[in-house]
Amino acid sequence: MGATLNIWEDLLQDTTFGLFAIHSQLEDYALAYALNQACSIKLRRLREDLELDRQVNFPLFQYKDEANQREWTLVRNSGISTGAGPAAGLFPDEPSHRRHYLIPEKKEVDYFLKLDGEDGEQKLVARLLSVEKIITAYRLEASELKSKQNLIF
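The opening position of the sequence shown corresponds to residue 1 in full-length UniProt numbering, with each subsequent residue numbered one higher.
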């Protein structure tokens, strides 16, 4: 386990990226569209979702800006897993649903925007805040997060 943790730490130290928290009630596709308009980018849904512990999937939206050598990734912080219902209870035949978080220590955050090759982050926060349906947005330090290994995708 220690060797695995060291590899993750090395990966996180080698990669520099900006991480932005977004609070919004928009659906992921609608937020991706709004960000495309506000930031002049082309976020698109990836065919494969980010899978966490083989229980829950998080849809990924990505845009590779070749001209500026930047990669934008939008991911929802929460996902729901469906499992077998409990043996006893009010509805024993119904499946149970559990909410999981990509970054559990930031449950209040709706989305994360990961920007590889960060540049001009203050301007980006201003652009994010210009989107009408974004309640608030701010930069986070990935190095301070306990579950930062979930951000390697």
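Backbone N, C-alpha and C define an ideal beta-carbon position, used for all residues, glycine too. Just so it is clear, the structure is predicted and the values come from calculations on it, not from any experiment.
Once the 5 residues before and after Val56 are set aside, which same chain residues still bring their CB inside 6 angstroms of it? Translated into positions along the sequence shown, residue 56 becomes position 56. Counting only Cβ-Cβ distances below 6 angstroms, and skipping sequence neighbours, we find Gly79, Ser81, His100.
Report the three-state DSSP secondary structure of Asn57 (helix, strand or coil). As a working note, residue 57 is residue 57 in the sequence shown. Strand.
Coil, strand or helix - Gln149 by DSSP: Mapped onto the sequence shown, residue 149 falls at position 149. Helix at Gln149.
Within 10 angstroms of its Cβ, does Asn77 collect 16 or more other Cβ (buried), or is it exposed? In the sequence shown, the residue the question calls residue 77 occupies position 77. So Asn77 counts as buried.
Assigned secondary structure, Glu51 (DSSP; H/G/I helix, E/B strand, else coil): Taking the first residue of the sequence shown as position 1, residue 51 is located at position 51. Residue state for Glu51 is assigned as strand, using DSSP reduced to three classes.
So is Tyr138 buried or exposed if we call it buried at 16+ other beta carbons inside 10 Å? For the purposes of this step, residue 138 is taken as the residue at position 138 of the sequence shown. So Tyr138 counts as exposed.
Using DSSP's beta-bridge definition, name the partner residues of Glu71. For the purposes of this step, residue 71 is taken as residue 71 along the sequence shown, with counting starting at 1. According to DSSP, Glu71 bridges with Lys64, Asp116.
At the level of alpha carbons, what is the spacing between Arg47 and Asn68? Locating residue 47 in the sequence shown gives position 47, counting from the first residue. Locating residue 68 in the sequence shown gives position 68, counting from the first residue. Roughly 24 angstroms separates the two Cα atoms.
Between which residues of its own chain and Lys107 is the CB-CB distance below 6 angstroms, once the five residues before and five after are set aside? Numbered from 1 along the sequence shown, position 107 holds the residue referred to as residue 107. Cβ neighbours of Lys107 beyond the five flanking positions: Tyr101.
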